[in-house]
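Protein chains in written order, with our numbering: chain A, 689 to 1408; chain B, 792 to 956.
The C-beta atom is built at its ideal place from N, Cα and C for all residues, glycine as well.
Let me begin by presenting the structure, written as structure tokens, before commenting on it.
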Amino acid sequence: MSIDLSQFHQVFIDEAHEHLGNMEQLLLALDVEDASLEDLNAIFRAAHSIKGGSGTFGFSDIAELTHALETLLDKLRKQILDPTDEMISAFLECCDLLNEMLEAHQGGASVDDTTTEAMRSRLLKLADPDLPSKALADEPNTLAIIPNDASAWLIELNPLTDLFAGSASLEALTADLSALGQLTLLSQKPGSCMSWQLKGPNTDAPIRDIFEYICSDKELTINLAETENPSDSEEEDDGFGFFVDESTLPAAQEKAQIEADNGFGFFIDESELPAQQQAEREQQQGFGFFVDEHELPAALNTSAPQNAPVEQVAKSPKVSSKQESAKAPAESSIRVGVEKVDQLINLVGELVITRSMLAQSASHLDPVEFEAIHEGLVNLERNSRDLQEAVMSIRMLPINFVFGRFPRVVRDLTQKMNKKVRLKLVGEETELDKGLIEKLADPLTHLLRNSIDHGIETPEVRTAAGKPEEGTITLSASHQGGSILVQITDDGAGLNREKLLEKAREKNIPLSDNPTDKEVWQLIFAPGFSTAKQVTDVSGRGVGMDVVQRNIAEMKGQVEIESISGEGTTIGLRLPLTLAILDGMTLRVGNEIFIMPLTRILESLQPVHDQLKTVSGKGRVVQIRGEYLPLIALYQILNLEPEVTDPEKGILVVVESNSGKVALFVDELIAQQQVVIKSLETHYRKVEGISGATIMGDGRVALILDIDKLARMSISHVSA
Amino acid sequence: MIDATEDQANQNVVQEYLTFTLGEEEYAIDILKVQEIRGYDAVTRIANTPDYIKGVINMRGVIVPVVDMRLKFHLGNATYDQFTVMIILNLGQRIVGMVVDSVSDVIGLNPEEIRPAPDFGSTFDTQYLIGLASVGDRMAIVVDIEKLMTSQEMGLIDKLSDTAL
Chain A
689 MSIDLSQFHQ VFIDEAHEHL GNMEQLLLAL DVEDASLEDL NAIFRAAHSI
739 KGGSGTFGFS DIAELTHALE TLLDKLRKQI LDPTDEMISA FLECCDLLNE
789 MLEAHQGGAS VDDTTTEAMR SRLLKLADPD LPSKALADEP NTLAIIPNDA
839 SAWLIELNPL TDLFAGSASL EALTADLSAL GQLTLLSQKP GSCMSWQLKG
889 PNTDAPIRDI FEYICSDKEL TINLAETENP SDSEEEDDGF GFFVDESTLP
939 AAQEKAQIEA DNGFGFFIDE SELPAQQQAE REQQQGFGFF VDEHELPAAL
989 NTSAPQNAPV EQVAKSPKVS SKQESAKAPA ESSIRVGVEK VDQLINLVGE
1039 LVITRSMLAQ SASHLDPVEF EAIHEGLVNL ERNSRDLQEA VMSIRMLPIN
1089 FVFGRFPRVV RDLTQKMNKK VRLKLVGEET ELDKGLIEKL ADPLTHLLRN
1139 SIDHGIETPE VRTAAGKPEE GTITLSASHQ GGSILVQITD DGAGLNREKL
1189 LEKAREKNIP LSDNPTDKEV WQLIFAPGFS TAKQVTDVSG RGVGMDVVQR
1239 NIAEMKGQVE IESISGEGTT IGLRLPLTLA ILDGMTLRVG NEIFIMPLTR
1289 ILESLQPVHD QLKTVSGKGR VVQIRGEYLP LIALYQILNL EPEVTDPEKG
1339 ILVVVESNSG KVALFVDELI AQQQVVIKSL ETHYRKVEGI SGATIMGDGR
1389 VALILDIDKL ARMSISHVSA
Chain B
792 MIDATEDQAN QNVVQEYLTF TLGEEEYAID ILKVQEIRGY DAVTRIANTP
842 DYIKGVINMR GVIVPVVDMR LKFHLGNATY DQFTVMIILN LGQRIVGMVV
892 DSVSDVIGLN PEEIRPAPDF GSTFDTQYLI GLASVGDRMA IVVDIEKLMT
942 SQEMGLIDKL SDTAL
């Protein structure tokens, strides 16, 4: 293997992982009873892409395994076989194995041959239950072009248009045909009307496949040379022959030929597709085809791809790339290091600030005299805003990237534990920072396992409790203020207060005399704490929840638990949106400017005297439409010198905090604006009541208020 | 006069130090820790912090805390005008701004020229002092600024245990 290739290994491995993930998702979504052809095709394409790539990079074990996978998938796709649960399980396990193999290759190691071999024969056995697995294992590899002298075919081509405007395609066609067997040219007339005699193939299918790309069925007559059946319908009025882009023709022919030869035909019967559509596809994929030519060899002789000679490489079928490009011709992506994106984000942030400063300086200039400058600044603003949004969006990914793996986890676990669980995903499109997404995967898996193992009861228990036999776990994600809330809700047994307390006493965990539910639930985060009677391989060892909490704390998030005995448990992960833009409201207290997350603001008002009440001489409340809300004076909590100390002269902002609604008293609301969140902790430390900072248009730093913390601080402030 | 210790004598490399004044005293810090020197402006106050933490500034997109050394060590008058200077320090991963009375000079010091500091007579805890050096007819206190700024005493860095709930 050349050094040149090895530098692409990582790309291949990344891509393969992606394909596998995709495949897994499709497999899980697949309805065994009524599998959609489109899904099967998509799975097949994924398998094929991996096969192609692994062949190129010399990962012959992967290529062999995917080849077997492909063989079975192909039969499903062509509806020769019907998918069964057994097959789906085999596919999923095969995905796992492939993942392992990829990782092994990444580490320079190799995977146990017997495992792969076992999987391979299992797949092949499924593909053809009639044949002994051993024989089958070798079968797909002996697909090289072996002419046999079975029958002679008479091929007549009567195209409506001149197909061979250039000679190259004719030559290629002839070459392809001769590859099938002994070819004799019988006649050639102008306008591409030709006839050949071909000795070799057993059926006319491979020949038809070759011509499939050149002309419609109507223009072609293929008969056994012995029998002279007239063709049933020679001409058809609407038989518009379609042109293949000259350049794609040879490749298309090769593809068709190989397809026919090695038996993984690719297209759904072409009669199902209108000719025009095919023609379009041809045109669309014409370019990608050739590019891929160099990237995807293999397939023909997958057992020894390293040795694959150049000719074979050139002949390899471009099955997947063809279909993919036909489906989504514009889809393309590049892989870039995250640090490059971060650098870009920082630079754009700088640009935006610089622009604001410029705008501020220019605001003193006479608008008439310096019209051009003002105009330029307006343009600059628009462009830099667009740029900023575009750059920010690079880092954001839908949370589906983590959620996507869970249907599989649930499926595996429920099977293992004989439970019935339906997984509901909500808000999969919620976007959050890529870094967070990656870190979320582990804690969420833990929580999900816990829910299935401890939360959801067995079907019998559930039926007895009058619940539906099938448990439901809902995984949801949503933006809430400046944070993202990811929740796992199950309708299982809920946490058992008594059991937890008992366990806590056993472990000598100090607790107050009459702990609240919240305190009790917190127990499950204690290291080594598990109420599971039995340690299973799923959970019960008591590691997990403490790890979850630590992971979430590392992301500066919080874990919240709500549980009702007999009705279920909700575990919420509240994560900050680092690097995200915050929709904020700028407000002023004294000389200081603060930012408040806009989404938390319910309303703002200037209270009248009657609305303000004091409670036992300490805390103040404000009455708003029958509700009494605690009044928090920002200047008191943050030790500021306000302009006004009388709430009637200032503004009350009613916000939703996680300890309920509160009214924040500030001097003035200034404007609504989007701000880039910057961390205070990079060079400083956490500040109570402040969730971050941002840089305002004038270059000054403004602090972003942490509503929840402020509400809590005010409680301690008052009670102190 | 106290003799230079042996290990200091082994090094003859001249290191450059930035000297600044706080009140009557002159201090020297390793110039490699200094990122830049800039005027004092636009500091955003942070609530509920000690008075010597002036707040944070925007240093080309980076939020940097500012410490007024005059307040921290009760030296000189903490007045802020157009002559007030800030030394921006780059301490490994962290950037910190430090307000001083004035920046005086860059001096080259041979390790031998730095004498161990006596146990008393300085506002700074001796653990942050590298020693004393004479600059002409004056004396400069050589400070291990990184150790000082990252110490608990300055309160610029979260204690590790703070993150636990």
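Problem set entry | A:D816: first and last residue of the uninterrupted alpha helix (DSSP H) it sits in | For A:D816, there is no enclosing alpha helix (DSSP H), since its DSSP letter is neither H nor E.
Problem set entry | Status (buried if at least 16 other CB within 10 Å, exposed otherwise) for A:Q1237 | With 16 or more Cβ atoms within 10 Å of its Cβ, A:Q1237 is classed as buried.
Exercise. Looking at the C-beta of A:H653, does it have a partner C-beta in chain B at a distance below 7 Å?
Worked result: Nothing in the structure corresponds to residue 653 of chain A, since chain A is present only between 689 and 1408.
Problem set entry | Closer than 7 Å to chain A by CB, B:P856 | Answer yes: the Cβ-Cβ gap between B:P856 and chain A drops below 7 Å somewhere.
Exercise. Considering only C-alpha positions, which residue in the set A:G1245, A:S1171, A:G1025, A:L1211 is nearest to A:E1186?
Worked result: The shortest C-alpha separation from A:E1186 is found at A:L1211.
Problem set entry | Inter-residue CB distance, A:I1176 and A:I1240 (contact presumed, cutoff 8 Å) | Between the beta-carbon of A:I1176 and that of A:I1240 there is about 12 Å, and that puts the pair past the 8 Å contact cut.
Problem set entry | Sequence-distant residues of the same chain with beta carbon closer than 8 Å to A:G1385, five excluded per side | Contacts found: I1041, S1044, M1045, A1047, Q1048.
Problem set entry | 9 Å Cβ cut-off: residues of chain A touching B:V853 | Chain A residues near B:V853: N1034, K1366, T1370, H1371.
Exercise. The alpha helix (DSSP H) spanning B:Y818 covers which residue range?
Worked result: In the DSSP annotation of this structure, B:Y818 is not part of any alpha helix (DSSP H); the continuous beta strand (DSSP E) holding it starts and ends at 816 to 821.
Exercise. Are the C-beta atoms of A:R1262 and some chain B residue less than 7 Å apart?
Worked result: Interface flag for A:R1262 against chain B is unset, since no Cβ pair is found closer than 7 Å.
Problem set entry | Rounded C-alpha distance that separates A:L1328 from A:I1395 | One C-alpha to the other measures close to 17 Å.
Exercise. The alpha helix (DSSP H) spanning A:V1029 covers which residue range?
Worked result: The continuous alpha helix (DSSP H) containing A:V1029 extends over residues 1026 to 1050.
Exercise. Checking contacts by CB at 7 Å: is B:V847 closer than that to chain A?
Worked result: Yes, its Cβ sits closer than 7 Å to a Cβ of chain A.
For this session: Whole angstroms is fine: what's the gap from A:G1256's alpha carbon to A:E1250's?
Result: Between A:G1256 and A:E1250, the C-alpha separation is close to 9 Å.
Problem set entry | Euclidean distance between Cα positions of A:T1274 and A:L1391 | Distance between the alpha carbons of A:T1274 and A:L1391: 10 Å.
Exercise. Considering only residues of the same chain and omitting the five flanking positions on each side of A:A1432, which have a CB-CB separation below 6 Å?
Worked result: With chain A covering only 689 through 1408, there is no way to say anything about residue 1432 of chain A.
Problem set entry | Assigned exposure category for A:Q1011 - 16 Cβ within 10 Å defines buried | Confidence in A:Q1011 is poor, its pLDDT being 41 and thus under 50, which makes the residue's placement unreliable; the coordinate value appears in the next sentence. Residue environment: A:Q1011 is assigned as buried (16 or more neighbouring CB atoms within 10 Å of its CB, all protein chains considered).
Exercise. Taking all protein chains shown into account, do 16 or more other C-beta atoms lie within 10 angstroms of the C-beta of A:D1130, making it buried, or fewer, making it exposed?
Worked result: Exposed, by the Cβ-count rule.
Exercise. If you measure from the beta carbon of A:R1313 to each beta carbon in chain B, is any gap under 7 Å?
Worked result: Not closer than 7 Å to any Cβ of chain B, the Cβ of A:R1313 fails to qualify, so no.
Exercise. From the beta carbon of A:G1338, is the nearest beta carbon of chain B less than 7 Å away?
Worked result: It does not: the Cβ of A:G1338 has no partner Cβ on chain B nearer than 7 Å.
Problem set entry | Interfacial residues, the segment 812 to 838 of chain B to chain A, with Cβ spacing under 7 Å | Hits within the stretch, in order: A833, T835, R836, I837, A838.
Exercise. When the Cα atoms are used, what is the spatial distance from A:R810 to A:L1101?
Worked result: Near 23 Å, if we compare the C-alpha coordinates of A:L1101 and A:R810.
For this session: Select from the segment 873 to 893 of chain B all residues with a C-beta closer than 7 Å to any C-beta belonging to chain A, and list them in chain order.
Result: The residues in question are R885, I886, V887.
Problem set entry | Minimum length 3: unbroken beta strand (DSSP E) runs contained in the segment 1244 to 1307 of chain A | If one requires a minimum length of 3 residues, the beta strand (DSSP E) runs lying completely within the segment 1244 to 1307 of chain A are 1246 to 1252, 1256 to 1264, 1269 to 1277, 1280 to 1285, 1289 to 1293, 1300 to 1303, in chain order.
For this session: Inspect the beta-carbon positions of A:L814 and A:M789 and report whether they are closer than 7 Å.
Result: Inclusion of A:L814 and A:M789 in the CB contact set at 7 Å is not warranted, their separation being larger than that value.
Problem set entry | Bounding residues of the alpha helix (DSSP H) (the contiguous stretch that carries B:Y919) | No alpha helix (DSSP H) contains B:Y919, which DSSP labels as neither H nor E.
Exercise. Based on the DSSP output, what are the partners of A:D1394 in its beta bridges?
Worked result: The bridge partners DSSP lists for A:D1394 come to none.
For this session: Out of B:R906, B:L866, B:I936, point me to the one whose CA is closest to B:S925's CA.
Result: The alpha carbon of B:S925 has as its nearest neighbour, out of B:R906, B:L866, B:I936, the alpha carbon of B:R906.
Problem set entry | Whole-angstrom distance between A:M1084 and A:N729, CA atom to CA atom | Taking the straight line from one Cα to the other gives about 30 Å.
For this session: Check each residue of the segment 929 to 948 of chain B: if its Cβ is closer than 7 Å to any Cβ of chain A, include it; give the result in chain order.
Result: Listed by position along the chain: L947, I948.
For this session: Identify the contact partners of A:I1041 in chain B, using a Cβ-Cβ distance below 8 Å as the criterion.
Result: Close to A:I1041, with beta-carbon spacing below 8 Å, are these residues of chain B in chain order: N849, G852.
Problem set entry | Length of the line joining the Cα atoms of A:A1214 and A:T1370 | Roughly 29 Å separates the two Cα atoms.
Problem set entry | Any C-beta of chain A under 7 Å from that of B:T954 | Unreliable placement is indicated for B:T954, whose pLDDT of 36 sits below 50; no coordinate value is reported for it.
Exercise. For A:V1375, which residues in chain B fall below 7 Å Cβ to Cβ?
Worked result: The answer, in chain order, is I837.
Exercise. When we look at the beta-carbon of A:N836 and count the other beta-carbons within 10 Å, is it buried (16 or more) or exposed?
Worked result: At A:N836, the pLDDT of 44 sits below 50, so the modelled position is not reliable; the number obtained from the coordinates is stated separately. Flag for A:N836 reads exposed.
Exercise. Cβ atoms of A:L761 and A:C782: under 7 Å apart, would you say?
Worked result: No; because the gap between Cβ atoms is not below 7 Å, this pair is not in contact.
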